[in-house]
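Undergrad: Please find one structure pasted underneath; my questions will follow.
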Amino acid sequence: MFACICRAVTTDDVGAAMDNGAATVAAVAKATRACTSCGICRDRIRAMLGERDAQCPRVAAAAQVAAV
Ligand code: FES
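Reminder that position 32 of the sequence shown reads as 32 in my numbering, one-by-one numbering, no gaps.
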């Protein structure tokens, strides 16, 4: 499935970028060229990053500390 139509970037491409350390939309854009044309895909990339964060126990632990 394409995450970014303009640059033909797939969700697997974005996942690979995240696996290699891309943790922001800008970092994913730099790694894959997603979001570097019309920008419509920005929310989709942001959602993918959020889903990844939700699965990460370190992010959940950091959120609990920040809430205190
Ligand atoms: S759909 Fe990603 S830049 Fe246009």
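Even for Gly, the Cβ is constructed at its ideal location relative to N, Cα and C.
Select from Asp53, Val25, Asn20 the residue whose C-alpha is nearest the C-alpha of Cys41.
TA: Taking the first residue of the sequence shown as 1, we reach residue 41 at position 41. Comparing Cα-Cα distances from Cys41 to each of Asp53, Val25, Asn20, the minimum goes to Val25.
Undergrad: Compute the beta-carbon to beta-carbon distance between Ala34 and Arg7, rounded to the nearest angstrom, for a pair I have assumed lies under 8 angstroms.
TA: For the purposes of this step, residue 34 is identified with residue 34 of the sequence shown, where counting begins at 1. For the purposes of this step, residue 7 is identified with residue 7 of the sequence shown, where counting begins at 1. Contact holds; Cβ gap of about 6 angstroms.
Undergrad: Given 7 angstroms as the limit, tell me if Ala34 has its C-beta closer than that to any heavy atom belonging to the ligand FES.
TA: Counting from 1 along the sequence shown, the entry for residue 34 is found at position 34. Ala34 Cβ: within cutoff of the ligand FES.
Undergrad: According to DSSP, Val14 sits in a beta bridge with which residue or residues?
TA: In the sequence shown, counting from the first residue as 1, residue 14 sits at position 14. DSSP, once it has assigned bridges, lists no residue as partnering Val14.
Undergrad: Taking C-alpha atoms, which residue in Ala3, Val59, Cys4 lies nearest to Ala23?
TA: Taking the first residue of the sequence shown as position 1, residue 23 is located at position 23. When only C-alpha atoms are compared, the closest one is Val59.
Undergrad: Kindly give me the distance between the Cβ atoms of Asp13 and Thr32, rounded to whole angstroms, as I take these residues to be in contact under 8 angstroms.
TA: One-based indexing of the sequence shown puts residue 13 at position 13. One-based indexing of the sequence shown puts residue 32 at position 32. That pair is a contact at about 5 angstroms.
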